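Using this note's numbering, you'd call the opening residue of the sequence shown number 40 and step up by one each time. Have a look at the structure below, then the notes.
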Amino acid sequence: MPGGAEIRLLFVFDPTREAIVLVAGDKAGEWNRWYRTAIPLAEERYAAYRVEQEKEER
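Okay, structure coming up:
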């Protein structure tokens, strides 16, 4: 990508094997900071996703 962009996606496969993109962004120049922010956000989003999935299963 122009300008040295370093795009990262954090995703997970849910129990039904569907890929869920949790966080995406350009971490160029922010190697450690990006992960320190993105991983907790991804965990939070996946937990919220699972709660919604469990509600729908009932």
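Idealized CB from N, CA, C, for every residue including glycine. Quantities reported herein were computed from a predicted structural model and do not represent experimental measurements.
Compute the Euclidean distance between the alpha carbons of residue i and residue j, then round it to the nearest angstrom.
i, j, result
"E77", "A44", "Residue identity check: residue 77 is Ala in the sequence provided, not Glu. When rounded, the distance between both Cα atoms is 17 Å."
"A87", "K66", "24 Å"
"E81", "R89", "Looking at the sequence provided, one finds Ala at residue 81 rather than Glu. Approximately 12 Å, taken between the alpha carbons."
"E95", "G68", "40 Å"
"Q92", "P79", "20 Å"
Which same chain residues, not among the five before or five after residue i, have their C-beta less than 7 Å away from its C-beta?
i, result
"V60", "L48, F50"
I'd like to check one pair, residue j with residue i: are the Cβ atoms closer than 8 Å?
i, j, result
"W70", "G64", "no"
With a threshold of 6 Å on Cβ separation, who are the neighbours of residue i within its own chain once the five nearest residues in sequence on each side are excluded?
i, result
"D53", "I59"
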